[in-house]
Each structure stands twice: as C-alpha cells, then as structure tokens.
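Engineer: Here's a structure for you.
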Amino acid sequence: MGSCSSRSDNEVHAKDRRGAVKISLWTTVRFAGTISWISWAALIATSTFAAAFAITGGYDGNRGRDQGMVVLARATAFQAFVITNTIVMKCSVISIFLCITGLWYAYREDDKINDRAIARYFGAVVRILVAMFAIMFAFIAATFAVLAHSIALALSTCIIACIPFIAYTVELGKFISRVFF
Numbered sequence: 001m002g003s004c005s006s007r008s009d010n011e012v013h014a015k016d017r018r019g020a021v022k023i024s025l026w027t028t029v030r031f032a033g034t035i036s037w038i039s040w041a042a043l044i045a046t047s048t049f050a051a052a053f054a055i056t057g058g059y060d061g062n063r064g065r066d067q068g069m070v071v072l073a074r075a076t077a078f079q080a081f082v083i084t085n086t087i088v089m090k091c092s093v094i095s096i097f098l099c100i101t102g103l104w105y106a107y108r109e110d111d112k113i114n115d116r117a118i119a120r121y122f123g124a125v126v127r128i129l130v131a132m133f134a135i136m137f138a139f140i141a142a143t144f145a146v147l148a149h150s151i152a153l154a155l156s157t158c159i160i161a162c163i164p165f166i167a168y169t170v171e172l173g174k175f176i177s178r179v180f181f
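Heads up: the sequence shown at position 142 corresponds to 142 in the UniProt record's numbering, and the numbers run straight through without jumps.
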C-alpha cells in the first residue's frame, strides 16, 4: 500500500512503500496539456522559421550590387510580412519557454510556486493566441506582396484569409465574456 500525505488531489509527489515517486492524475493531465501547447508553439515556430528563409518573392539573381538580396525588400507589404513573422516567432518561442518553466514549477509542492506555473501557462496561451493572429497577418502581407501586380487576386485572397481572423476574434470575444463577465 502506498502512503499519501494529507494534501488534496493536487498533491504532486507521493511515495509508495518502496519509496518510488508517484505522480497524481492531475499532474499527468496538466503535463499532457502542457506538451500539447508546446507542440502547437513549436509548430508555429517551425512554420515561421521556414517562411523566413523561403523568402516571399525570392532573391535577385542578376549580377550587380543587389545580387542575392530580397527582390521585394522595398515593398511595404513585404516589410509588414517580415515584422509580423518576427512577432510570430518571438511569441511562439517565448511560449515554449514559459511552458517548460511552468512544468518545472508544477512539480513543486508549494502552492505559491504552483501559482507561478499557472501564470506561466496563461502567459504561454496568450502568446500563442497573439502568434495565431500575427501569422494570419503575415500570410495576408506575404500574399499581398507577391500578388501586388494582380490587385483583384490579391484583394480576394486577403479577404478570404481574413475569415479565420474574424472567426478567431468572435470566439475569443465569447470566451472572454464567459470567463471574465
């Protein structure tokens, strides 16, 4: 038979008769949830990393001063893409870091430290949501930069790409109103 301390179901560590550490069900569920958030953040980071090197519009292959430079570097839409892509990368990498440090805090027995874990998870989720919005803007900006010569196609693609953004905003608004009001 295992021995348990007097703490609630949130007890992280309990030792069985052999002294082996057992982890509660709540900790296992929290760990699995954190891993899924880390997976989402890593997927977002990977896609933005790939987008940064597969430069929209390509590189200038002509001999001269601009050889090897980005063709669309002076286009405003391309500059918006680079900035939003950087925001996406920053948010996703920070959320991975927050989830990992949240896991470290989650395995402590102190309730105050457990609150730090929850704060880190919340910060990670907020940054993933920001990354999701920014990745939509990055896609729209890159599409507009590439299709600038065909304005009708560029606008229709941008309008279609805004539909998930609108859906995100509506769902996020519903969630915030349920949780905070």
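No residue lacks a Cβ here, since even glycine has one placed at the ideal position from N, Cα and C.
To the nearest angstrom, how far is the alpha carbon of GLN79 from that of SER47?
Structural biologist: 18 angstroms
Engineer: Cutting at 7 angstroms between CB atoms, please list the residues of its own chain near SER6, excluding the five before and the five after it.
Structural biologist: Because the pLDDT of SER6 is 44, which lies under 50, any placement of that residue in the model is unreliable, and the number read from its coordinates should be weighed accordingly. Here the set comprises nothing.
Engineer: How long is the line joining the alpha carbons of SER32 and THR84, rounded to whole angstroms?
Structural biologist: Per the sequence presented here, residue 32 reads as Ala, with Ser not at that position. In a straight line, the C-alpha of ALA32 is about 30 angstroms away from that of THR84.
Engineer: Assuming the contact rule is C-beta atoms closer than 8 angstroms, VAL45 and SER92 should be a hit. Round their C-beta distance to whole Å, please.
Structural biologist: A small correction: the amino acid at residue 45 is Ala; Val does not occupy that position in the sequence shown. Sure, about 4 angstroms apart at Cβ, within 8 angstroms.
Engineer: Can you round the beta-carbon distance between ALA138 and VAL88 to whole angstroms, since I take them to be within the 8 angstroms contact cut?
Structural biologist: 6 angstroms
Engineer: Within a Cβ cutoff of 7 angstroms, which residues of the same chain sit near LEU153, ignoring the five residues on either side of it in sequence?
Structural biologist: LEU147
Engineer: Is it the case that the CB of ILE87 approaches a heavy atom of the ligand FMN more closely than 7 angstroms?
Structural biologist: Among the components modelled here there is no ligand, and therefore nothing to report on the ligand FMN.
Engineer: Please say whether THR34 and residue 239 have beta carbons closer to each other than 8 angstroms?
Structural biologist: Nothing can be reported for residue 239: it is not among the residues displayed for the chain, which extend from 1 to 181.
Engineer: Give the secondary structure of SER177 by DSSP, where H, G and I count as helix, E and B as strand, and everything else as coil.
Structural biologist: Here SER177 sits in helix by DSSP.
Engineer: Considering only their Cβ atoms, is the gap separating ILE140 from CYS158 smaller than 8 angstroms?
Structural biologist: Against a cut-off of 8 angstroms, the Cβ pair of ILE140 and CYS158 comes out as a contact.
Engineer: Using DSSP with H/G/I as helix, E/B as strand and the rest coil, what is LEU147?
Structural biologist: coil
Engineer: Taking the alpha helix (DSSP H) that ALA75 belongs to, which residues open and close that run?
Structural biologist: Run containing ALA75: none; DSSP gives neither H nor E here.
Engineer: When you compare the CB positions of GLY96 and ALA42, do they come within less than 8 angstroms of one another, or not?
Structural biologist: The amino acid occupying residue 96 in the given sequence is Ile; Gly does not appear at that position. For ILE96 and ALA42, yes; Cβs fall inside 8 angstroms.
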